[in-house]
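Number of protein chains: 2
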Amino acid sequence: MRVLGVDPGLTRCGVGVVAGTAGRPLTMAGVGVIRTPADAPIGDRLVLIERGLEEWLDEHRPDAVAVERVFSQHNVRTVMGTAQASAVAILCAARRGLPVHLHTPSEVKAAVTGSGRADKAQVGQMVTRLLRLDAPPKPADAADALALAICHIWRGAAAGRLQQAVAQHRAVRTQEPAR
Amino acid sequence: MRVLGVDPGLTRCGVGVVAGTAGRPLTMAGVGVIRTPADAPIGDRLVLIERGLEEWLDEHRPDAVAVERVFSQHNVRTVMGTAQASAVAILCAARRGLPVHLHTPSEVKAAVTGSGRADKAQVGQMVTRLLRLDAPPKPADAADALALAICHIWRGAAAGRLQQAVAQHRAVRTQEPAR
Numbered sequence: 021m022r023v024l025g026v027d028p029g030l031t032r033c034g035v036g037v038v039a040g041t042a043g044r045p046l047t048m049a050g051v052g053v054i055r056t057p058a059d060a061p062i063g064d065r066l067v068l069i070e071r072g073l074e075e076w077l078d079e080h081r082p083d084a085v086a087v088e089r090v091f092s093q094h095n096v097r098t099v100m101g102t103a104q105a106s107a108v109a110i111l112c113a114a115r116r117g118l119p120v121h122l123h124t125p126s127e128v129k130a131a132v133t134g135s136g137r138a139d140k141a142q143v144g145q146m147v148t149r150l151l152r153l154d155a156p157p158k159p160a161d162a163a164d165a166l167a168l169a170i171c172h173i174w175r176g177a178a179a180g181r182l183q184q185a186v187a188q189h190r191a192v193r194t195q196e197p198a199r
Numbered sequence: 021m022r023v024l025g026v027d028p029g030l031t032r033c034g035v036g037v038v039a040g041t042a043g044r045p046l047t048m049a050g051v052g053v054i055r056t057p058a059d060a061p062i063g064d065r066l067v068l069i070e071r072g073l074e075e076w077l078d079e080h081r082p083d084a085v086a087v088e089r090v091f092s093q094h095n096v097r098t099v100m101g102t103a104q105a106s107a108v109a110i111l112c113a114a115r116r117g118l119p120v121h122l123h124t125p126s127e128v129k130a131a132v133t134g135s136g137r138a139d140k141a142q143v144g145q146m147v148t149r150l151l152r153l154d155a156p157p158k159p160a161d162a163a164d165a166l167a168l169a170i171c172h173i174w175r176g177a178a179a180g181r182l183q184q185a186v187a188q189h190r191a192v193r194t195q196e197p198a199r
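Respectively, the protein sequence lines represent chains A and B.
Read in our numbering, the first sequence has 67 at position 47, and its numbers run on one by one without any break.
Read in our numbering, the second sequence has 73 at position 53, and its numbers run on one by one without any break.
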């Protein structure tokens, strides 16, 4: 499974591609940041983000896209820009028929470090270790995008096992009256 | 001048096209609502909004697009959806090289009714009168989209007059030392 993680932002939009399956070592297929000038009109910035994401999707052909879920509890101005960038990421993925999943920052931190309250440095260190990189990817947005992709592969596997267990349980229960 | 007004929303995205210039009677070229099912995944909803807006842009070929500026002071969940829908509208316009302008709800109300605190009914009545319609457009999102387009034509004219006055003033000042 190949997942494109997107840490949405207008100034820096982190992107990272991770390949692999849960329970086996994961591989980084690419990491980077799409930047747009802070003084450009919002429309031009969203077009640049769209073009950048399309290039990443064309090159890496992921099976799924994982985007950070945006909350509005923080700075209003920043949150609006983040919501707009995330909308473009969700749109680009859905337009190609790719499954899009949103993960909260604490879900990502918990999946990668074991703690939902881990700081940026801890996330960067665990991403480096899990993907066997020489150094933590810079800037933090790039590392966060990889963490999102890792989180998605692991959570997807957990959700799959849960669904399987429920299905098996139901199958057994359905068979019981027949005995 | 032909302006497409967009009142962004995931469930109902109001769209309205107004043609004309400030100081002369305006004409409605079209009004409607793009709807998406509340139970559909967010990605599919954004794709539906994009497709709907593209159809409106193809059919009406506006010179500019006016989108309601989103604030996050209200309900968090609604605001995120509105921000995402508005991002798609801004993206569609900018991708075609069309100028995009954001107007706050109170700017629109003030432009159309004379009061920034006017209610939905008052906005609907003034839109009906200004565009010489038989009845207020329904739902309110459609009327709001027309109000945005009207606001844009009028505010654009005011901004143009101001720029012209400033330019004339500068030209006079520049000539003075030469006398």
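C-beta atoms are modelled at their ideal positions from N, C-alpha and C, and glycine is treated no differently.
Owing to the predicted nature of the structure, the values given are computational and were not obtained by experimental measurement.
Residue burial classification, residue i (beta-carbon count within 10 angstroms, cutoff 16)
i: residue 199 (chain A); result: Note that residue 199 (chain A) scores a pLDDT of 40, beneath 50, so its modelled location is shaky; the value from the coordinates is reported in the next line. When all chains shown are included, residue 199 (chain A) counts as exposed.
i: residue 104 (chain B); result: buried
i: residue 44 (chain B); result: exposed
i: residue 188 (chain B); result: exposed
i: residue 154 (chain B); result: exposed
i: residue 60 (chain A); result: exposed
i: residue 165 (chain A); result: buried
i: residue 109 (chain B); result: buried
i: residue 141 (chain A); result: exposed
Euclidean distance between Cα positions of residue i and residue j
i: residue 111 (chain B); j: residue 185 (chain A); result: 43 Å
i: residue 40 (chain B); j: residue 58 (chain B); result: 36 Å
i: residue 52 (chain B); j: residue 24 (chain B); result: 11 Å
i: residue 106 (chain A); j: residue 122 (chain B); result: 19 Å
i: residue 47 (chain A); j: residue 91 (chain A); result: 30 Å
i: residue 143 (chain B); j: residue 68 (chain B); result: 28 Å
i: residue 70 (chain B); j: residue 86 (chain B); result: 16 Å
i: residue 77 (chain B); j: residue 174 (chain B); result: 21 Å
i: residue 131 (chain A); j: residue 162 (chain A); result: 17 Å
i: residue 49 (chain A); j: residue 36 (chain A); result: 8 Å
i: residue 33 (chain A); j: residue 64 (chain A); result: 15 Å
i: residue 75 (chain B); j: residue 88 (chain A); result: 30 Å
i: residue 136 (chain B); j: residue 148 (chain B); result: 18 Å
i: residue 119 (chain A); j: residue 145 (chain B); result: 44 Å
i: residue 38 (chain A); j: residue 22 (chain A); result: 6 Å
i: residue 31 (chain B); j: residue 56 (chain B); result: 5 Å
i: residue 54 (chain A); j: residue 158 (chain B); result: 41 Å
i: residue 100 (chain B); j: residue 27 (chain B); result: 14 Å
i: residue 152 (chain B); j: residue 139 (chain B); result: 20 Å
i: residue 241 (chain B); j: residue 72 (chain A); result: This structure cannot speak to residue 241 (chain B), because chain B is shown only from 21 to 199.
i: residue 79 (chain B); j: residue 42 (chain B); result: 23 Å
i: residue 84 (chain A); j: residue 156 (chain B); result: 45 Å
i: residue 98 (chain A); j: residue 115 (chain B); result: 23 Å
Simplified DSSP assignment, three categories, for residue i
i: residue 41 (chain A); result: coil
i: residue 48 (chain A); result: strand
i: residue 136 (chain A); result: coil
i: residue 67 (chain B); result: helix
i: residue 73 (chain B); result: helix
i: residue 199 (chain A); result: Unreliable positioning characterises residue 199 (chain A) in this predicted model, as indicated by a pLDDT of 40, which lies under 50. A coordinate reading is not provided.
i: residue 30 (chain B); result: coil
i: residue 22 (chain A); result: strand
i: residue 153 (chain A); result: coil
i: residue 35 (chain A); result: strand
i: residue 118 (chain B); result: coil
i: residue 85 (chain A); result: strand
i: residue 147 (chain A); result: helix
i: residue 90 (chain A); result: coil
i: residue 163 (chain B); result: helix
Spatially closest choice to residue i from the options, by CA coordinates
i: residue 117 (chain A); options: B:62, B:42, B:38; result: B:62
i: residue 113 (chain B); options: B:140, B:101, B:82; result: B:82
i: residue 133 (chain B); options: B:124, B:120, B:150; result: B:150
i: residue 29 (chain B); options: B:170, B:160, B:146, B:22; result: B:160
i: residue 171 (chain A); options: A:65, A:72, A:55, A:125; result: A:125
i: residue 128 (chain A); options: A:168, A:102, A:101; result: A:168
i: residue 66 (chain A); options: A:80, A:102, A:42; result: A:102
beta-carbon residue i near the ligand NAD non-hydrogen atom, thresh 7 Å
i: residue 132 (chain A); result: As far as ligands go, the structure on display features none, and thus does not contain the ligand NAD.
Any chain E beta carbon closer than 8 Å to residue i
i: residue 100 (chain A); result: Here the protein chains are A and B, and chain E is not one of them.
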